[in-house]
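Everything in the sequence shown is counted per this note's numbering, starting at 1 for the first residue and increasing by one. Glycine included, C-beta positions come from ideal geometry on N, C-alpha and C.
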Amino acid sequence: MSLDDAEIERLYAYPDTGRPWVRTNFVATLDGAAHAEDGRSGSLGGDVDTRVFHVLRSLADVIVVGAGTARIEGYGPGDVPIAVVSRRLDIPERLVVPGQLVITTADAPADRIEHLRETVDVIALGRGRVDWVAVLAELADRGWHRVLCEGGPTLHGELVALDLVDEVCLTIAPVLAAGDAPRIAHGAQSVDRAMRLGHCVAAEDVLLTRWVRERA
1 MSLDDAEIER
11 LYAYPDTGRP
21 WVRTNFVATL
31 DGAAHAEDGR
41 SGSLGGDVDT
51 RVFHVLRSLA
61 DVIVVGAGTA
71 RIEGYGPGDV
81 PIAVVSRRLD
91 IPERLVVPGQ
101 LVITTADAPA
111 DRIEHLRETV
121 DVIALGRGRV
131 DWVAVLAELA
141 DRGWHRVLCE
151 GGPTLHGELV
161 ALDLVDEVCL
171 TIAPVLAAGD
181 APRIAHGAQS
191 VDRAMRLGHC
201 VAAEDVLLTR
211 WVRERA
């Protein structure tokens, strides 16, 4: 099936819930690897996944990403604010520019927080770990309800464990990888979060799937 950008926008339109809606976006191989041989996920899904990636970004109010993923994938500023998550505040320099955000804990190094606040906005909530419920409330106060999380697997696993993921957009690449690459989510605890299939579209040998959290 051939998809144009208008059809991709229709497939991935955010619901109007009146609250923050957390969407995550990943690509994985047939055997579950979250990145290719080069250690990057961006090289897995081909042209159609790249197009979906950019459309999803255009639909979001804010993009949330772990510092490690931002560094490996070469993130830079775009049209949508990027909120980099880091407890150690090791933020890629390309993202320490006006208009971007940092999400960290309240007990992160105070001098580093103040230094970053000279250039970017810093949301520091929670002690020992980020208080994601409070962070989402803060984003909502800014009018940012359409939240797009692009990983990595540790951040994704944390949000899954807290049952804060409303939707997973997963591109399945026609590749077998083996090796020891991580899954799209991992963490210290196992959970069971039921999802329903929103859509499954075959395009250029790639499967574009969207899964929505079943909530009471």
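- With at least 16 other beta carbons inside 10 angstroms of its own, Val-120 counts as buried.
- Bounds of any alpha helix (DSSP H) do not take in Leu-197; it lies within the beta strand (DSSP E) bounded by 195-203.
- The C-beta distance from Cys-149 to Val-27 rounds to 14 angstroms, too long to meet the 8 angstroms contact threshold.
- Spanning the alpha carbons of Arg-127 and Pro-92 requires a straight line of approximately 23 angstroms.
- The beta carbon of Leu-3 is closer than 6 angstroms to those of Ala-203 in its chain, skipping five residues each way along the sequence.
- Membership of Leu-11 in the alpha helix (DSSP H) is indicated by the continuous run 5-11.
- Assigned with DSSP and collapsed to three states, Val-160 falls in helix.
- Counting along the chain, Trp-144 sits inside no beta strand (DSSP E), nor does DSSP assign it H or E at all.
- Between the segment 56-66 and the segment 171-191 there are fewer than three inter-stretch CB-CB distances shorter than 8 angstroms, so the stretches are not counted as touching.
- For the options Val-65, Ala-70, Arg-40, the alpha carbon positioned closest to that of Val-147 is the one of Val-65.
- Secondary structure note for Leu-56: its alpha helix (DSSP H) is the uninterrupted segment 46-59.
- In the three-state scheme derived from DSSP, where H, G and I count as helix and E and B as strand, Gly-39 is classed as coil.
- By the neighbour-count criterion, in which a residue is buried when 16 or more other Cβ atoms sit within 10 angstroms of its Cβ, Thr-17 is exposed.
- When the five nearest sequence neighbours on each side are left out, the beta carbons in the same chain lying within less than 6 angstroms of the beta carbon of Trp-144 are those of Asp-61, Val-62, in order along the chain.
- Uninterrupted beta strand (DSSP E) stretches at least 3 residues long and entirely within the segment 59-119 occur at 62-66, 82-85, 101-104, given in chain order.
- Residue environment for Ala-34: buried (at least 16 other C-beta atoms within 10 angstroms of its C-beta).
- DSSP places Thr-154 within a helical segment (H, G or I) once states are collapsed to three.
- For the pair Thr-209 and Asp-111, the Cα-to-Cα distance works out to about 43 angstroms.
- Separation of the CB atoms of Gly-187 and Gly-157 is rounded to 3 angstroms, and the pair is thereby assigned contact status at 8 angstroms.
- DSSP places Asp-121 in the uninterrupted beta strand (DSSP E) bounded by 121-124.
- Leu-89 places its beta carbon 8 angstroms or farther from that of Thr-69.
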